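*Asks:* Let me give you the structure first, and then I'll get to my questions.
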Amino acid sequence: MEKIFKRNGEFNRFFEAYLKSIKDNSAPLTELGVFQGARKCQIEVQNKVPEGGAPAEMSTSVRMSPTPGREPSSDASTASHTETTRLTPAAEQVWQTWEKTRDEQYVNQALMAFLDAVALNIPNNKCTWGIRRLAFKVEFKKATMESRTDGYLYGPEGGDEAFAIVETKAHPRKRRDRGLEIYMQESAEMVAWIRRDARAGRKVPLDNQRLLVSQDRHEIYLTWASYNASYVDYLEDKEPTANTFLVMQEIGPFDIREHKHMRKLALYIGCFCLQITDLIVGSPQT
Numbered sequence: 001m002e003k004i005f006k007r008n009g010e011f012n013r014f015f016e017a018y019l020k021s022i023k024d025n026s027a028p029l030t031e032l033g034v035f036q037g038a039r040k041c042q043i044e045v046q047n048k049v050p051e052g053g054a055p056a057e058m059s060t061s062v063r064m065s066p067t068p069g070r071e072p073s074s075d076a077s078t079a080s081h082t083e084t085t086r087l088t089p090a091a092e093q094v095w096q097t098w099e100k101t102r103d104e105q106y107v108n109q110a111l112m113a114f115l116d117a118v119a120l121n122i123p124n125n126k127c128t129w130g131i132r133r134l135a136f137k138v139e140f141k142k143a144t145m146e147s148r149t150d151g152y153l154y155g156p157e158g159g160d161e162a163f164a165i166v167e168t169k170a171h172p173r174k175r176r177d178r179g180l181e182i183y184m185q186e187s188a189e190m191v192a193w194i195r196r197d198a199r200a201g202r203k204v205p206l207d208n209q210r211l212l213v214s215q216d217r218h219e220i221y222l223t224w225a226s227y228n229a230s231y232v233d234y235l236e237d238k239e240p241t242a243n244t245f246l247v248m249q250e251i252g253p254f255d256i257r258e259h260k261h262m263r264k265l266a267l268y269i270g271c272f273c274l275q276i277t278d279l280i281v282g283s284p285q286t
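Going letter by letter, the sequence shown gives residues 1 to 286 in UniProt numbering.
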């Protein structure tokens with residue numbers, strides 16, 4: 001991937017200037033070319049988003065409600081229909097909205113601008129990062145789950161077939177207390193995506209492995225979800241052939257304030273886009 005970057009002379013010049021601007025905090029934005037927007041948004045994240053944000057300030061990406069035609073549980077029997085449909089799967093069932101907070105919007109813009117700057121300058125690339133909030137709505141026996149991404153990677157035909165999904169938050173993640181809600185939301189999004197594709201089908205299969213790209217303030221993560229056919233059977237309420245789980249492997253964080261981190265992340269994203277391009281080109285349905 002590094003050789004591909006270097007062969008694209010103009011892009012590589014802007015990429016190196018972008019990395020230097022992170023390292024030295026010096027290069028003016030006008031010298032960064034395709035990375036100008038990404039760097040501007042990353043600086044806004046650092047300057048305008050408080051570093052000590054709390055999970056209580058985040059929006060939700062997932063809601064659950066009783067499946068239509070089924071009686072709600074006794075715990076929810078006194079709640080109105082509107083309240084019930086706003087229920088999240090968080091441990092304490094907090095009420096939150098779909099709308100991104102102002103701080104989350106800064107983070108979302110920064111991540112999408114960076115992903116775009118890399119992907120749009122890879123020769124023969126067939127996939128594009130889009131900022132549209134793609135919705136996945138699936139029904140289970142006792143509940144309906146709806147999730148919305150903060151962006152996704154799509155193919156040359158556009159549409160709703162996602163090759164990766166994006167999630168952003170305004171505060172760093174923590175593996176304790178309310179911080180666990182981020183992991184719960186991301187896992188629920190992945191379940192909804194897998195289940196939706198199992199029902200609707202795909203033109204380009206993803207071979208039981210999927211990517212979530214997330215940014216929590218200044219930290220970016222790549223999370224690989226791995227599963228097998230038996231797990232899909234489990235989601236479809238069929239008898240699984242073995243004990244099976246969805247495994248979420250988190251890589252990161254990549255700190256937007258560290259030039260070495262962002263170099264490595266750009267190479268990862270470039271390689272992934274080329275892998276997806278190969279899948280698209282090789283699919284008989286595209």
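Backbone N, C-alpha and C fix where the C-beta goes; we use that ideal spot for every residue, glycine too.
It should be emphasised that the depicted structure is a prediction, and the values quoted were computed from it without experimental measurement.
Among the residues of its own chain, which have a CB less than 7 Å from the CB of Phe35, if the five just before and after it don't count?
*Replies:* The residue you call residue 35 lines up with position 35 of the sequence shown. Around Phe35: Phe14, Phe15, Tyr18, Ala117.
*Asks:* Apart from the five residues just before and just after Pro156, which ones in its own chain have a Cβ nearer than 6 Å to its Cβ?
*Replies:* Taking the first residue of the sequence shown as 1, we reach residue 156 at position 156. Hits under 6 Å: Lys126.
*Asks:* Among the residues of its own chain, which have a CB less than 6 Å from the CB of Asp233, if the five just before and after it don't count?
*Replies:* If you number the sequence shown from 1, residue 233 lands on position 233. If we look at Asp233 and ignore the five residues flanking it on each side, its Cβ neighbours are Pro240.
*Asks:* Which of the three DSSP states, helix, strand or coil, is assigned to Ser226?
*Replies:* Your numbering for residue 226 matches position 226 in the sequence shown. Three-state DSSP puts Ser226 in a strand.
*Asks:* Fully enclosed by the stretch 221-281, which beta strand (DSSP E) runs are 3 residues long or longer?
*Replies:* Counting only runs of 3 or more, we get 247-255.
*Asks:* For Met1, which three-state DSSP category applies?
*Replies:* Locating residue 1 in the sequence shown gives position 1, where the first residue counts as 1. Met1: coil per DSSP, three-state reduction.
*Asks:* Using the Cβ count rule (16 or more neighbours within 10 Å means buried), how would you classify Ser77?
*Replies:* Here residue 77 is taken as the residue at index 77 of the sequence shown, counted from 1. With a pLDDT of only 32 at Ser77, under the threshold of 50, the placement of this residue in the model should not be trusted; the figure read from the coordinates follows. Here Ser77 is exposed. Its C-beta has fewer than 16 other C-beta atoms within 10 Å.
*Asks:* Using the Cβ count rule (16 or more neighbours within 10 Å means buried), how would you classify Asn243?
*Replies:* The count along the sequence shown starts at 1 and reaches residue 243 at position 243. Counting the other Cβ atoms within 10 Å of the Cβ of Asn243 gives fewer than 16, which makes it exposed.
*Asks:* Around the C-beta of Arg39, are 16 or more other C-beta atoms found within 10 angstroms, so that it is buried, or is it exposed?
*Replies:* As a first step, residue 39 must be located in the sequence shown, where it is residue number 39. By the 10 Å Cβ count, Arg39 comes out buried.
*Asks:* Over what stretch of residues does the beta strand (DSSP E) that includes Val166 continue unbroken?
*Replies:* Indexing the sequence shown from 1 puts residue 166 at position 166. 162-169 is the extent of the beta strand (DSSP E) around Val166.
*Asks:* Taking contact to mean at least 3 C-beta pairs separated by less than 8 Å, is the stretch 102-114 in contact with the stretch 25-34?
*Replies:* Touching, no.
*Asks:* Grouping DSSP H, G and I as helix and E and B as strand, with all else coil, what is Glu285?
*Replies:* As a first step, residue 285 must be located in the sequence shown, where it is residue number 285. The sequence given here places Gln at residue 285; Glu does not occur at that position. Three-state result, Gln285: coil.
*Asks:* Please classify Phe5 as buried or exposed, where buried requires at least 16 neighbouring CB atoms within 10 angstroms.
*Replies:* Residue 5 sits at position 5 when you count from the first residue of the sequence shown. With 16 or more Cβ atoms within 10 Å of its Cβ, Phe5 is classed as buried.
*Asks:* Cα separation between Gly282 and Asp207?
*Replies:* Numbered from 1 along the sequence shown, position 282 holds the residue referred to as residue 282. Numbered from 1 along the sequence shown, position 207 holds the residue referred to as residue 207. Taking the straight line from one Cα to the other gives about 13 Å.
*Asks:* To the nearest angstrom, report how far apart Gly130 and Leu153 are at their CA atoms.
*Replies:* Start at 1 with the first residue of the sequence shown, and residue 130 comes out as number 130. Start at 1 with the first residue of the sequence shown, and residue 153 comes out as number 153. Those two C-alpha atoms are separated by around 6 Å.
*Asks:* Just reading off the beta strand (DSSP E) that Phe136 is part of, what are its end residues?
*Replies:* Stepping through the sequence shown from its first residue, residue 136 is reached at position 136. Looking at the DSSP string, the run of the beta strand (DSSP E) that includes Phe136 is 135-139.
*Asks:* Between the stretch 169-177 and the stretch 190-202, can you find at least three pairs of beta-carbon atoms closer than 8 Å?
*Replies:* no
*Asks:* Taking Asp255 as the reference, which of Arg173, Val204, Met1 has the closest Cα?
*Replies:* To locate residue 255, count along the sequence shown from 1; it is residue 255. Considering only alpha carbons, the answer is Arg173.
*Asks:* Please classify Glu51: is it buried, with 16 or more other beta-carbons within 10 angstroms of its beta-carbon, or exposed?
*Replies:* Start at 1 with the first residue of the sequence shown, and residue 51 comes out as number 51. Its Cβ having fewer than 16 others within 10 Å, Glu51 is exposed.
*Asks:* Mapping DSSP to helix, strand and coil, what is Phe14?
*Replies:* For the purposes of this step, residue 14 is identified with residue 14 of the sequence shown, where counting begins at 1. Note: Phe14 maps to helix in three-state DSSP.
*Asks:* Going by the CB atoms, is the gap between Tyr183 and Leu222 shorter than 8 Å?
*Replies:* Within the sequence shown, the letter at position 222 stands for residue 222. Within the sequence shown, the letter at position 183 stands for residue 183. No, Cβ-Cβ distance for Leu222 and Tyr183 is not below 8 Å.
*Asks:* Could you spell out the range, first to last residue, of the alpha helix (DSSP H) harbouring Glu146?
*Replies:* On the sequence shown, residue 146 is found 146 positions in, with the first residue counted as 1. First-last for Glu146: 143-148, but that is the beta strand (DSSP E), not the alpha helix (DSSP H).
*Asks:* Please classify Asp237 as buried or exposed, where buried requires at least 16 other C-beta atoms within 10 Å of its C-beta.
*Replies:* As a first step, residue 237 is located in the sequence shown; it is residue number 237 there, counting from the start. The residue in question, Asp237, is exposed, as its Cβ has fewer than 16 Cβ neighbours within 10 Å.
*Asks:* When you compare each of Arg148, Thr128, Asn12, His259 to residue 358 by their alpha carbons, which one comes out closest?
*Replies:* This structure does not reach residue 358, given that the chain is present from 1 up to 286, and the question cannot be answered.
*Asks:* With a Cβ-Cβ cutoff of 8 Å, do Trp224 and Gln185 count as a contact?
*Replies:* Along the sequence shown, one-based indexing puts residue 224 at 224. Along the sequence shown, one-based indexing puts residue 185 at 185. No. Outside cutoff.
*Asks:* What's the call for Glu189, buried or exposed, on a 16-neighbour Cβ count within 10 Å?
*Replies:* Locating residue 189 in the sequence shown gives position 189, counting from the first residue. It counts as buried.
*Asks:* Can you find the residues in the same chain that come closer than 6 Å, C-beta to C-beta, to Phe11, ignoring five residues on each side of it along the sequence?
*Replies:* As a first step, residue 11 is located in the sequence shown; it is residue number 11 there, counting from the start. Cβ neighbours of Phe11 beyond the five flanking positions: Asn121.
*Asks:* Can you tell me which residues form a DSSP beta bridge with Val213?
*Replies:* Indexing the sequence shown from 1 puts residue 213 at position 213. Val213 pairs with Val166, Leu222.
*Asks:* Using three-state DSSP, classify Leu153 as helix, strand or coil.
*Replies:* Taking the first residue of the sequence shown as position 1, residue 153 is located at position 153. In this structure, Leu153 counts as strand in the three-state DSSP scheme.
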